[in-house]
Every structure is written in C-alpha cells, then in structure tokens.
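Okay, so the sequence shown: first residue is 434 according to the working numbering, each after it adds one.
Where a beta carbon is used, it is the ideal one built from N, C-alpha and C, also for glycine.
Below you'll find the structure, written out as structure tokens, and then a few comments.
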Amino acid sequence: MKKTVNMIIEKVDSLLIGISILLIFTSFEFYDMNINGGWYQQSIPDLGGASINDITFLDSLTGFAVTNKNSSGIGYILKTSNGGDNWHVNLENSSGVLRRIIFINYDVGYVCTDYFPFLKTTNGGINWITLGAPTGFNDMSVINEDTILLVRSGGFDGGLYRTTNGGNSWHYLYDFGPSYNPNKIYMYNKDIGFVCERINNPSFTLFKTTNGGINWTWLTDNNFLDMYFVDSLTGWKVRGPIKKTKDGGLNWVTQDFPQNPQLRNDMSDISVLSRDTLFGVNGYIWLSPYTARGIVYKTTNGGLNWGYQLPDTNINIFQYFNINFATKLHGWAYLFTNGIHTTTGGSDTTIYTGIVNNYQTINDFILEQNYPNPFN
Numbered sequence: 434m435k436k437t438v439n440m441i442i443e444k445v446d447s448l449l450i451g452i453s454i455l456l457i458f459t460s461f462e463f464y465d466m467n468i469n470g471g472w473y474q475q476s477i478p479d480l481g482g483a484s485i486n487d488i489t490f491l492d493s494l495t496g497f498a499v500t501n502k503n504s505s506g507i508g509y510i511l512k513t514s515n516g517g518d519n520w521h522v523n524l525e526n527s528s529g530v531l532r533r534i535i536f537i538n539y540d541v542g543y544v545c546t547d548y549f550p551f552l553k554t555t556n557g558g559i560n561w562i563t564l565g566a567p568t569g570f571n572d573m574s575v576i577n578e579d580t581i582l583l584v585r586s587g588g589f590d591g592g593l594y595r596t597t598n599g600g601n602s603w604h605y606l607y608d609f610g611p612s613y614n615p616n617k618i619y620m621y622n623k624d625i626g627f628v629c630e631r632i633n634n635p636s637f638t639l640f641k642t643t644n645g646g647i648n649w650t651w652l653t654d655n656n657f658l659d660m661y662f663v664d665s666l667t668g669w670k671v672r673g674p675i676k677k678t679k680d681g682g683l684n685w686v687t688q689d690f691p692q693n694p695q696l697r698n699d700m701s702d703i704s705v706l707s708r709d710t711l712f713g714v715n716g717y718i719w720l721s722p723y724t725a726r727g728i729v730y731k732t733t734n735g736g737l738n739w740g741y742q743l744p745d746t747n748i749n750i751f752q753y754f755n756i757n758f759a760t761k762l763h764g765w766a767y768l769f770t771n772g773i774h775t776t777t778g779g780s781d782t783t784i785y786t787g788i789v790n791n792y793q794t795i796n797d798f799i800l801e802q803n804y805p806n807p808f809n
C-alpha cells in the first residue's frame, strides 16, 4: 500500500513539474525569424545613388516618388502604374534636390525643389512644366490649383511665399526672421496652417496662421516632420514622439508608443486614414543583438493605443522613412531605394502588447478525471 501511495505521489509531482515548465516557457517572448507580416518587398531602379525623399499614391496602382541627387547631380521623378511593383523614370532633373510631390487629383501635381525649378503637371505626369517660382524651396502646401504656399529656410530670401493665380506670380508673404524662417509647412485649409523651422533642432518653434499666412502666432511646442488634421481642432504631428491636439494646436499631448524592450520607438511620417486609423514609420525592433528590422506603427482608436506591425523578417530593411496609404488596405513604406507594400492593411498582425499575436499563453488548466482514478 505504501509503495502504491509513493507511486501516486511521484506521478502527481511529475505532472505538476511538467505544467510548471510549460508555463515558464510560455511566459517568454520569442521572435520567429520568418514571420509574415502581411507586407512584401519592393524596390526602385538603380539610379546611381539617388534615393527617395517623398512618395505619394493616388490609388492602389498609381503612385509617384521624388529623389535627391545621385553622384552625377541628377534627381528623378518616378512613376508606377502597378502599385509599386515596377517603377520607371518619369523625369530627370539636374537643377536641384526634389523635396516634395503633391497631387490634388489624377491630373494635376506639383514638385518643389531646393533650387530651381518648381514643377507642375496637368496630365498625370506625362509632361512637366516649370512655374516661375522666385527661388528654391524646402516644402510646399497646395490648397488648390490656384493657391500654393512655399517655404524656404535659408538665405536672405527665406520665408513664406504664396501664389493665388496658379504660379503666374508669387508674393513674399511673411518674413519670420533669419533665425526662424521655416522649412516645413502644413495647411489644413486655405486659412488654417502651421509652419516650423530648423528641423534639425527640435527645440525650435511652431507657428500657426488662421488667415492664410498673413499673420502667424508663435506656439510653445516644438517642430514637426509630418502633420495632419482631420478637422480644424484635431490633428497629429510627429518628430520623434507623436503628439495629438484637440484644440487646434494650442496644446499638444504626447501619445504612448507600444512598449517592448527590443523596440527603438521613433516616428517621422504618418498616413491618416480617419480620425481613428493612422499608420506611422521610423521605428525598428531588435531581433537579435546584431539584427534590426523596420516596423510599421498602427492605431485604430486615434492614438489612444499604438501597436506595431513587423513585416516579413526576411526583408532586410532596418527602418522606414516614408509611409503612404491610398486606401485602408493598400499602403507603402519606403527607405531610400527599397520598401514594402501591403494589399491587406498589414493583415491582422498588429501587436499591441509586445507579444506576437500567434504565440499562445495558458489561461486555464483543467485536470480531467483519470481512469482508473488513483485517488479512489
């Protein structure tokens, strides 16, 4: 009888030890080096060292990108008609670095450069014409085909310029002073907008206009790399952290990144689909001490909670600088000459807790009746 009891105790102990080991292993986080995150890789042609500065898509198939200069001093406008699977050179430019590209519809688009010229197309990029802008610019905001605002940070001619006749003439609208002339601009509409200066120094300031750039108010928050408003009060801006305002930019609240000790959180670009759904890039995750991969941030509640998507880890891209979504499913994220594309919104791979979704944790344990029952 004593021997039987000892055998029962040994079996129970073995069972409890096995359960304990299982619970210990499921409490650790492991990364599958071949995880598929709902994205696949794309690349642009070899342009002799030129890399992407800005990218925009008009729908799920048609997109444009602009580059800096290559070793021969040539910058490029690129176009794709199949969702980025193939890119071709739309225009070569030897005058300046191509900074921004904006399309207001399928036909009309603009490109600003840091040196002459300022470019416009009225036929979807088939032809580009030069508008008589007075100098080169860092950034632009296009209200409509008539009204365009340009900013320049450097030189004695730095400041804000505006045209109200489609570029036939330009007015030097505002001089912020040599220490505060802006190099980023965002206009929510023809009246409300923001500029910031000296992107390389985040402590420098943010300005707001409510009358189309005629007057500007100095705000007490730092600058931005990207900004977007869904109405006159609610918007986001990013430069390192992501911040949200609910009072038209008077006050900004920093939103929390997803927490994971392997994450290096930072945001430089956002794509806003609605007041709830936003995507962002510039962060990455360490898969090992020597291996990092770029991630895509996502929120579905306006930034109350931010998660991240880890694209296929076989894609050797350590970070993404540009992101653009044409629909809630079709999105692109690029770094220099390579990028990723999704047709499923990144699928359902968003991680909000720092634990990869397809890993399982024991939530309950039931010891079923055994036959014969050793306790009877």
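Per-residue DSSP class, three states only, for residue i
i: Asp659; result: strand
i: Trp472; result: coil
i: Val541; result: coil
i: Asp699; result: coil
i: Tyr548; result: coil
i: Thr667; result: coil
i: Gly673; result: strand
i: Leu706; result: coil
i: Lys512; result: strand
i: Phe570; result: coil
i: Ala483; result: coil
i: Phe609; result: coil
i: Ser460; result: Below a pLDDT of 50, predicted positions are generally treated as unreliable, and Ser460, at 37, falls in that range; the measurement from the model is reported next regardless. Note: Ser460 maps to coil in three-state DSSP.
i: Gly872; result: Beyond the ends of the chain as shown, which are 434 and 809, falls residue 872; an answer cannot be given.
i: Asn684; result: coil
i: Thr678; result: strand
i: Ser721; result: strand
i: Asn523; result: strand
i: Phe589; result: coil
i: Phe536; result: strand
i: Val530; result: coil
i: Glu630; result: strand
Residue i versus residue j: straight-line alpha-carbon distance, rounded
i: Asp689; j: Gly716; result: 13 Å
i: Gln474; j: Trp739; result: 24 Å
i: Ile756; j: Gly565; result: 30 Å
i: Ile625; j: Ile537; result: 18 Å
i: Phe609; j: Trp603; result: 17 Å
i: Asp472; j: Ala725; result: Residue identity check: residue 472 is Trp in the sequence provided, not Asp. Going from the Cα of Trp472 to the Cα of Ala725 covers about 17 Å.
i: Tyr605; j: Arg595; result: 7 Å
i: Phe551; j: Thr563; result: 6 Å
i: Val671; j: Asn560; result: 34 Å
i: Thr732; j: Asp709; result: 7 Å
i: Thr642; j: His774; result: 36 Å
i: Ile718; j: Ile748; result: 13 Å
i: Asn771; j: Gly496; result: 15 Å
i: Pro744; j: Ile647; result: 45 Å
i: His763; j: Leu593; result: 34 Å
i: Leu511; j: Gln752; result: 21 Å
i: Asn734; j: Pro567; result: 43 Å
i: Asn693; j: Phe754; result: 21 Å
i: Gly668; j: Asn523; result: 33 Å
i: Ser460; j: Met660; result: With a pLDDT of 37 at Ser460, under the threshold of 50, the modelled position of this residue cannot be trusted, and the question is left open.
i: Val663; j: Asn616; result: 23 Å
i: Leu814; j: Thr776; result: With the chain covering 434 to 809 only, the question about residue 814 has no answer from this structure.
Neighbourhood of residue i by C-beta, 6 Å cutoff - its chain only, sequence neighbours within 5 removed
i: Gly713; result: Met700, Ile703 and Tyr730
i: Gly645; result: Lys623 and Asp624
i: Ile507; result: Glu525 and Ser527
i: Lys676; result: Lys670, Trp685 and Thr687
i: Asp759; result: This sequence places Ala at residue 759; Asp is not what is there. Result list for Ala759: Phe490, Asp492 and Ser493, in chain order.
i: Gly778; result: Lys761 and Leu762
i: Leu696; result: Ile718
i: Ile750; result: Gly727, Leu768 and Asn771
i: Gly591; result: Arg585 and Asn614
i: Pro611; result: none
i: Gly673; result: Asp699
i: Asp487; result: Val499, Arg533 and Ile534
i: Tyr543; result: Ile535, Lys553 and Val575
Sequence-distant residues of its chain with Cβ nearer than 7 Å to residue i (five each side left out)
i: Tyr539; result: Leu491 and Gly557
i: Tyr785; result: Pro691, Asn738 and Gly740
i: Met620; result: Ser574, Ile576, Leu582 and Gly626
i: Thr555; result: Asp540 and Val541
Contact set for residue i: own chain, Cβ-Cβ below 8 Å, skip 5 residues either direction
i: Tyr804; result: The predicted position of Tyr804 is uncertain, since its pLDDT is 40 and thus under 50; a value taken from the coordinates is nonetheless stated next. Once the five neighbours on either side are set aside, Tyr804 has no close Cβ partner at all.
i: Thr546; result: Gly508, Asn526, Ser528, Gly529, Val530, Leu531, Arg532, Leu552, Gly569 and Phe570
i: Asn598; result: Asp579
i: Trp649; result: Tyr607, Phe609, Val628, Phe640, Lys641 and Thr642
i: Leu666; result: Thr678, Lys679, Asp680 and Gly681
i: Gly426; result: Because the chain in this structure spans residues 434 to 809, residue 426 falls outside the shown range and cannot be described.
i: Asn863; result: In the structure as shown, the chain starts at 434 and stops at 809, and residue 863 therefore has no counterpart that could be examined.
i: Ser514; result: Leu494 and Thr495
CB contact check: residue i to chain C, cutoff 8 Å
i: Thr555; result: The question asks about chain C, but that chain is absent: this structure has only one protein chain.
Looking at C-beta atoms only, is the number of pairs between the segment 515–528 and the segment 474–493 that lie closer than 8 Å three or more?
-> Judged by pairs of C-beta atoms under 8 Å, the segment 515–528 touches the segment 474–493, as three or more such pairs exist.
Those runs of the beta strand (DSSP E) which lie wholly inside the segment 741–776 and span at least 3 residues | Qualifying beta strand (DSSP E) stretches, in chain order: 755–758, 764–768 and 771–775.
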